[in-house]
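Colleague: So that we are looking at the same thing, I have put the structure below in structure tokens.
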Amino acid sequence: MIDGVMLALLVALSGGTTADSGGPAGSQPASQPASRPGEPLKIRPGERIAAMGDSITQAGGYLRVIDEVLARQYPELKIPKVINAGISGQKAEDMVKRFEQDVVARKPDIVTISVGINDVWHRLEQPHDPKVLEEFGRNLDRMVQMAQDAGARVIVLSPTVIMEDPASEGNRRLKLYIKAGREIARKRRCQYVNLHEMFLKVIRNRQRLQAGRPDEHDAHQLTTDGVHMKPLGDTLMAVGVLRALGVPDEKISATDLSGVFPKQ
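Start counting the sequence shown at 10; every next residue gets the next number (the numbering used here).
Now the structure itself:
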């Protein structure tokens, strides 16, 4: 269960700079700090959000947190529950084939795209292949274009982590996919949320806090297996999306999430 103290600590440890706002292709990313009270929201009354993704999205944890925060903090907006378009095991090459049917056809106003974990994780036993990375970029670019052509605003989410170790081989390879995603967001002038950076900040801060106390060390605090989310990991993902939507950290931290996750 995520209590108020844990939520506030998670928000603080994740840092405030998470979202690139796009901008002209080739420009430096305009990095956005966490939203502050009084700043305008980037979601309007009744708008529909659709979330494309893999098993992390299909499980629905971070989407339930987003739903709860928006419902409790902005009840007057009457935002429908996020449309879950996640399917386990999928890569960008799979998602692009069903994007029209599972996302565009449902007429969302805002689309989040969470992709990249399986593109790396499922190929870790093979050498890095630049052609696979190029195909990933083309498929992600196509999904963003389809959403924008349908009039939706897009938030591209970076992959999170492969093992809760900043130096893992999976995390080293993910950086190539993160760079590709950020470049596509700049080109298409959409938001890019660096969830990977947020996760690494929390992991490194946790390591510092636990230094000299090996009995308190847990290799999996954000994830169950280095990839799939525990409630803390889901909540951290939601924080990144909510910041991109303009929700201030103070409102995120003030939300009661006790009913979002089943009791552990």
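Backbone N, C-alpha and C fix where the C-beta goes; we use that ideal spot for every residue, glycine too.
How would you call Leu16, buried or exposed, if buried means at least 16 neighbouring beta carbons within 10 angstroms?
Modeller: Its Cβ being crowded by 16 or more others within 10 Å, Leu16 is buried.
Colleague: Report yes if the CB atom of Thr264 is closer than 7 Å to the CB atom of Val91, and no otherwise.
Modeller: In this structure, Val91 does not lie closer than 7 Å to Thr264 by Cβ.
Colleague: Note down, in chain order, each residue of its chain lying with its Cβ closer than 7 Å to the Cβ of Phe208, except the 5 sequence neighbours on either side.
Modeller: So the qualifying residues of the chain are Thr169, Val170, Leu231 and Leu245.
Colleague: Going straight from the alpha carbon of Asp243 to that of Lys116, what length do you get?
Modeller: When rounded, the distance between both Cα atoms is 25 Å.
Colleague: Nearest CA to the CA of Val211: which residue from Tyr201, Val248 and Ile193?
Modeller: Checked all of Tyr201, Val248 and Ile193; the closest Cα to Val211 is Val248.
Colleague: Measuring CA to CA, which of Gln135, Ile126, Tyr201 and Pro89 is closest to Glu102?
Modeller: Selected option, being the one with the closest Cα: Ile126.
Colleague: Mind checking who Ala60 pairs with in its DSSP beta bridge?
Modeller: Its beta-bridge partners are Asn93 and Thr121.
Colleague: Does the Cβ-Cβ distance between Val67 and Ile88 come in under 7 Å?
Modeller: It should be pointed out that residue 67 corresponds to Gln in this sequence rather than to Val. In this structure, Ile88 does not lie closer than 7 Å to Gln67 by Cβ.
Colleague: Let me check understanding here. Comparing Cα to Cα, which of Arg197, Leu22, Glu144 and Val236 lies closest to Ser177?
Modeller: Measuring from the Cα of Ser177, the nearest candidate turns out to be Val236.
Colleague: Could you tell me how far apart the beta carbons of Ile193 and Ser167 are, in whole angstroms, since I believe they sit closer than 8 Å?
Modeller: Actually they do not touch by this definition, with Cβ atoms about 11 Å apart.
Colleague: Using the beta-carbon count (16 or more within 10 Å), is His137 buried or exposed?
Modeller: Exposed: under 16 other Cβ atoms inside 10 Å.
Colleague: Return the chain-ordered ranges of every beta strand (DSSP E) run that is complete within the stretch 148-218 and spans a minimum of 3 residues.
Modeller: Those beta strand (DSSP E) runs which fall completely within the stretch 148-218 and span 3+ residues are 162-166 and 200-202.
Colleague: At a cut of 8 Å, does the stretch 139-147 reach the stretch 196-205 through at least three beta carbon pairs?
Modeller: Counting Cβ pairs under 8 Å, fewer than three are found: no touch.
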